[in-house]
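Going by my numbering, the first residue of the sequence shown is number 27, and it counts up by one from there. Take a look at the structure set out below.
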Amino acid sequence: MQKIGIVAKKTGLSPRTLRFWEEANILKSVRAENGYRYYDEENIARINQIMILRSLELPLSEIEKILVSRDLIVTISILKRHLENIRKQGGLLLNLSVVLDRVIGILLSSQKQDILFSTMEQFQPQLYKDDSILNSASRDGEIKMEKNKGFRIVNLPKMIVAAIAFSGENPEDACWEATKKLVEQYQLNQEPGYRNIGFGYNDTDGKYVYELWVTVPKNFFVPAPFTQKQYSGGLHAALSTSLADIMERWNELHELVIASEKYEPDYTDTRGAHCFEECLDEEGFFRKDAPLSERELDLLLPIRRLNEDSAVNEIIYLEEPEPVTIPNLKICGTYITQKANAKPWNKRVPWYALAQLLYQVGPGMNECLDRGSDTMTLVFGTAQEKKPFYLEMNAKVEKVFASVLLLKSMPFLPDGLIEMDLPKQRFIKFTAKSDPTRNGKNVLLKYNHLYELARIYAQNCIYELKAEYCIERDYRADGRIVDRIELYIPIVE
């Protein structure tokens with residue numbers, strides 16, 4: 027028998043995920059006298075089976091059907107349907123990639139912008155051939171792509187809330203039960219603009235906590251153990267989900283926002299933004315016999331609009347490049363492979379993925395961190411010319427190592443989290459910082475300024491530069507807003 031926390035650490039899964047699987051009736055635990063959940067060998071094996079099926083990107087609702095039914099026909103039917111969807115999506119992407127490649131080639135050879143649409147017309151039959159998804163879409167009146175591939179924009183208003191938080195075995199359930207009683211007692215859900223919003227986080231001891239808010243009238247007396255809080259509101263990206271798919275949908279929402287050309291995650295917003303979960307149908311959500319697939323939530327990720335004009339020289343200061351020595355450092359992070367043709371200045375670094383891995387470390391994590399709000403990224407790439415990739419306009423980033431600095435080794439490393447020792451090394455340092463008199467305005471510091479400065483500097487550099495990698499560092503004086511960034515290019519000694 028193994029305790030839920032031990033199983034979570036060994037598998038890299040969160041205790042919350044394991045509890046969801048129990049609610050979906052595909053996993054069972056035994057409660058000991060101390061109240062904690064334990065798993066026997068049979069259910070530990072079941073967890074491994076679920077992880078194998080999840081590696082195929084099967085939704086949890088389909089995994090539930092496979093494991094509960096134990097019927098070969100059901101299993102084959104589900105896998106065939108999943109295979110068909112994957113093939114359709116792959117076929118569409120292949121068609122689009124071929125067409126785009128040809129259109130770009132024609133435009134490059136002709137050097138004429140005005141032939142774009144006439145060129146596209148040539149390829150319409152290929153995009154709408156009989157077996158393509160686009161052709162099916164034209165017949166049915168809508169594109170038959172995966173459900174909710176885009177996100178909505180939600181601007182949350184200012185709110186006064188009654189807040190309660192729990193840790194331990196079932197913090198979400200404890201919050202829901204306590205809040206439900208408060209709402210029913212004072213009929214808060216009958217008030218105009220009523221909302222309930224929850225979010226999880228790790229406290230200063232590394233312990234997972236879930237907090238739930240319900241809106242209350244302005245002059246409402248909030249009874250203990252609830253506390254009154256005010257939230258200033260703000261912009262969020264929203265995606266609907268059920269409890270059955272909540273982990274996958276959170277990851278999908280992060281990916282969609284990161285891929286967006288208009289928005290970016292706003293983890294450092296001064297309003298104290300959180301990744302919220304909002305229940306829009308409390309009656310259906312709390313129905314005891316409701317399966318996880320019918321318990322609906324909205325996921326709300328704090329975002330801000332990308333504004334190219336926000337990063338201008340009037341509010342960003344570039345310091346003179348200088349040779350520096352970085353001492354021996356211990357870092358902890360994860361490798362992230364980049365998409366084809368990613369450039370150093372437009373690569374993707376999903377910090378939420380690193381945060382999720384760090385949260386799995388559990389108690390003792392924070393005492394190992396050296397300013398956990400500051401981050402370091404090792405950037406690896408290839409060049410087409412005989413010079414370091416980070417100095418080329420056509421360079422390609424292959425992978426990055428997103429990390430935080432450590433004071434000492436972590437007590438536990440989940441799968442995907444790696445500790446690394448960086449030896450003492452000489453670099454040329456390029457620095458950009460925001461105007462300290464910005465009066466609370468968030469300034470978007472971008473590394474493209476520093477890469478451009480590095481290219482100019484390298485033209486008359488007296489040092490020989492290493493080509494394999496470079497380093498980016500983000501600093502947050504207040505623990506939230508990035509107010510200083512540094513680019514380090516290594517020197518051959």
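Each residue gets a CB set at the ideal place from its N, CA and C atoms; glycine is no exception.
Reducing DSSP to helix, strand and coil, say where residue i ends up.
i: residue 63; result: strand
i: residue 445; result: strand
i: residue 437; result: coil
i: residue 220; result: coil
i: residue 283; result: helix
Tell me the rounded alpha-carbon separation between residue i and residue j.
i: residue 97; j: residue 53; result: 17 Å
i: residue 511; j: residue 80; result: 38 Å
i: residue 243; j: residue 128; result: 60 Å
i: residue 499; j: residue 409; result: 22 Å
i: residue 131; j: residue 124; result: 11 Å
i: residue 508; j: residue 514; result: 17 Å
i: residue 216; j: residue 460; result: 46 Å
i: residue 104; j: residue 114; result: 16 Å
i: residue 174; j: residue 368; result: Unreliable positioning characterises residue 174 in this predicted model, as indicated by a pLDDT of 39, which lies under 50. A coordinate reading is not provided.
i: residue 310; j: residue 319; result: 11 Å
i: residue 99; j: residue 51; result: 20 Å
i: residue 102; j: residue 27; result: 33 Å
i: residue 255; j: residue 383; result: 29 Å
i: residue 481; j: residue 426; result: 20 Å
i: residue 134; j: residue 126; result: 12 Å
Can you name the start and end residues of the alpha helix (DSSP H) that residue i belongs to?
i: residue 199; result: 197-212
i: residue 92; result: 86-95
i: residue 484; result: 473-484
i: residue 381; result: 377-385
i: residue 310; result: 308-312
i: residue 404; result: Counting along the chain, residue 404 falls outside any alpha helix (DSSP H), though it belongs to the beta strand (DSSP E) covering 401-408.
i: residue 42; result: 41-49
Could you work out which residue in the options is closest to residue i when comparing CA atoms only?
i: residue 365; options: 374, 357, 359 and 358; result: 374
i: residue 185; options: 206, 245, 193 and 135; result: 245
i: residue 439; options: 417, 380 and 137; result: 380
i: residue 90; options: 198, 387 and 46; result: 46
i: residue 537; options: 272, 356, 63 and 367; result: There is simply no residue 537 to check, as the chain begins at 27 and stops at 519 in what is shown.
i: residue 435; options: 287, 427, 426 and 446; result: 446
i: residue 556; options: 86, 418 and 292; result: Residue 556 lies beyond the residue range present for the chain, which begins at 27 and ends at 519; the question has no answer from this structure.
i: residue 23; options: 393, 321, 404 and 347; result: Since the first and last residues shown for the chain are 27 and 519, residue 23 lies out of range.
i: residue 233; options: 428, 193 and 69; result: 193
i: residue 502; options: 402, 484 and 317; result: 402
Between residue i and residue j, how many whole angstroms is the CB-CB distance? I'm expecting something under 8 Å.
i: residue 452; j: residue 431; result: About 19 Å; that fails the 8 Å criterion.
i: residue 63; j: residue 195; result: 7 Å
i: residue 323; j: residue 303; result: 5 Å
i: residue 262; j: residue 328; result: 6 Å
i: residue 479; j: residue 414; result: Actually they are not in contact, since the Cβ atoms of residue 479 and residue 414 sit about 14 Å apart, beyond 8 Å.
i: residue 214; j: residue 240; result: 6 Å
i: residue 300; j: residue 291; result: At roughly 12 Å, the Cβ-Cβ gap does not stay under 8 Å, so residue 300 and residue 291 are not in contact.
i: residue 176; j: residue 282; result: 7 Å
Cβ of residue i less than 8 Å from any chain D Cβ?
i: residue 99; result: The structure shown contains no chain D; it holds only a single protein chain.
In the DSSP assignment, find the beta strand (DSSP E) that holds residue i and state where it starts and stops.
i: residue 264; result: 260-268
i: residue 426; result: 422-431
i: residue 188; result: 185-193
i: residue 510; result: 510-516
i: residue 456; result: 451-460
i: residue 238; result: 234-241
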